[in-house]
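A.B. asks: Take this structure first; my questions come after.
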Amino acid sequence: MAKKISTIGVLTSGGDAPGMNAAIRAVTRAAIYNDLKVMGIYRGYEGLIKDEILEFTTQSVSSTIQRGGTILKTARSKDFLTPEGRQLAYDNMCSHGIDALIVIGGNGSLAGAQIFAQEFDVPCIGIPGTIDNDLYGTDSTIGYDTALNTIMECVDKIRDTATSHNRIFFIEVMGRDAGFLAQNSAIAAGAEAAIIPEDSTDIDQLEQFISRGFRKSKNSSIVIVAEKDGGAMHYAERVRKEYPQYDVRVSILGHLQRGGSPSAF
Numbered sequence: 001m002a003k004k005i006s007t008i009g010v011l012t013s014g015g016d017a018p019g020m021n022a023a024i025r026a027v028t029r030a031a032i033y034n035d036l037k038v039m040g041i042y043r044g045y046e047g048l049i050k051d052e053i054l055e056f057t058t059q060s061v062s063s064t065i066q067r068g069g070t071i072l073k074t075a076r077s078k079d080f081l082t083p084e085g086r087q088l089a090y091d092n093m094c095s096h097g098i099d100a101l102i103v104i105g106g107n108g109s110l111a112g113a114q115i116f117a118q119e120f121d122v123p124c125i126g127i128p129g130t131i132d133n134d135l136y137g138t139d140s141t142i143g144y145d146t147a148l149n150t151i152m153e154c155v156d157k158i159r160d161t162a163t164s165h166n167r168i169f170f171i172e173v174m175g176r177d178a179g180f181l182a183q184n185s186a187i188a189a190g191a192e193a194a195i196i197p198e199d200s201t202d203i204d205q206l207e208q209f210i211s212r213g214f215r216k217s218k219n220s221s222i223v224i225v226a227e228k229d230g231g232a233m234h235y236a237e238r239v240r241k242e243y244p245q246y247d248v249r250v251s252i253l254g255h256l257q258r259g260g261s262p263s264a265f
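Numbering (the UniProt record's numbering), first residue to last: 1 to 265.
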């Protein structure tokens, strides 16, 4: 007979994503409504190992739904990759009477939850939370749409200055090993090209995309580049070298893609 769950633990792990606070709030409020005790685990698996665990109430998540980041903080834990680290995490979990674990994070975080569940027979629920949108079987992860909208705002502003100077801008976006952010922001922004890990793009082909735009009297070109394999700097340098007639600039959007209030979707 399955053990009755009376206390759940919730943590955020890996890279932060807009909407994590909304997820923490939803988990906390739903659990308390159903007479469950909620323990907030700070700094992800690292906090579970270091015993950074506090009880959460509805007041703990008040006025958090609109906030970016994560009130539980987040971290990547090397110790959790070891059997000894996971054993310590399990011992701390038991000392607080936690019967089940809810993990909000990306594929590395959810892979960790799967291993933890298998080793200690602990019920674990994974909530996809990553701007990369690279989790199998999930149409849209928490944070992806917000990051996409952030990129769109930045591209629109960069287009203004690119057009003023007749320049080509290579704009690097996040995504780790996946091209969802690069591809879909390029489509939405009307970029001349997108360079993504899932598809190979040679410099001659890229130049054709760029020159076609200028032949049609466009005053600028935008190329969205996923962060993998050298990123925007690599492609910009190659275009400068092989096609010196172009005025090329690079903009790396970086961690601003992780910030901001979450979008409704």
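Yeah, the Cβ is synthetic: ideal placement off N, Cα and C, and Gly gets one too.
(1) Alpha carbon to alpha carbon, how far is E153 from L88?
(2) Could you compute how far the alpha carbon of C94 sits from the alpha carbon of G15?
(3) Could you tell me the alpha carbon to alpha carbon distance between residue 267 and E237, rounded to whole angstroms?
(4) Quick check on I104: does DSSP put it in helix, strand or coil?
(5) Under three-state DSSP, which class holds G231?
(6) Can you give me the C-alpha to C-alpha distance between residue 280 and L181, rounded to a whole angstrom?
(7) For my contact list, V61 and I24 are in at a C-beta cut-off of 8 Å; report their separation, rounded to the angstrom.
(8) Straight-line CA distance for G213 to A75?
(9) Please determine, among G108, D121 and F170, the residue with the shortest C-alpha to C-alpha distance to L253.
(10) I151 and Q257 - do their beta-carbons sit closer together than 8 Å?
(11) Quick check: I187 and A226, are their CB atoms within less than 8 Å of each other?
(12) Please classify P262 as buried or exposed, where buried requires at least 16 neighbouring CB atoms within 10 angstroms.
(13) Bridge partners of P128, per DSSP?
(14) Classify G85 as helix, strand or coil using the three-state DSSP reduction.
(15) Using the C-alpha atoms, what's the distance from N107 back to Y33?
(16) Considering only DSSP beta bridges, list what V38 is partnered with.
(17) Got a sec, what are the start and stop residues for the beta strand (DSSP E) F170 sits in?
(18) Would you mind stating whether G68 and P128 have Cβ atoms separated by less than 8 Å?
(19) Buried or exposed: D177, going by 16 or more other Cβ atoms within 10 Å of its Cβ?
(20) In three-state terms, what does DSSP make of residue 266?
(21) Roughly how far, in whole angstroms, is the beta-carbon of N166 from the beta-carbon of N219, given that I think they are within contact range, below 8 Å?
(22) Can you give the beta carbon distance from I222 to A264, rounded, assuming they're within the 8 Å contact cut?
C.D. replies: This is what the structure holds:
(1) Each residue's alpha carbon lies about 44 Å from the other.
(2) Going from the Cα of C94 to the Cα of G15 covers about 26 Å.
(3) Since the displayed the chain opens at 1 and closes at 265, residue 267 lies outside it and no answer follows.
(4) Taken through DSSP and simplified to helix, strand or coil, I104 comes out as strand.
(5) Collapsing the DSSP output to three states places G231 in a helix.
(6) A question about residue 280 goes unanswered here, because the residues of the chain that appear run from 1 up to 265.
(7) Contact holds; Cβ gap of about 6 Å.
(8) G213 and A75 have their alpha carbons spaced roughly 43 Å apart.
(9) Nearest in C-alpha terms to L253, of all of G108, D121 and F170, is F170.
(10) Yes. Within cutoff.
(11) Not in contact: I187 and A226 (Cβ atoms no closer than 8 Å).
(12) That one is buried.
(13) DSSP lists G105 as the bridge partner or partners of P128.
(14) Helix at G85.
(15) Whole-angstrom Cα-Cα distance: 29 Å.
(16) Paired residues: I8 and F56.
(17) Unbroken beta strand (DSSP E) run through F170: I168 to V173.
(18) Not in contact: G68 and P128 (Cβ atoms no closer than 8 Å).
(19) It is exposed - the Cβ of D177 has fewer than 16 other Cβ atoms within 10 Å.
(20) This structure cannot speak to residue 266, because the chain is shown only from 1 to 265.
(21) Rounded, the Cβ-Cβ distance is 5 Å, consistent with contact.
(22) The pair is not a contact, with the Cβ atoms about 26 Å apart (cut-off 8 Å).
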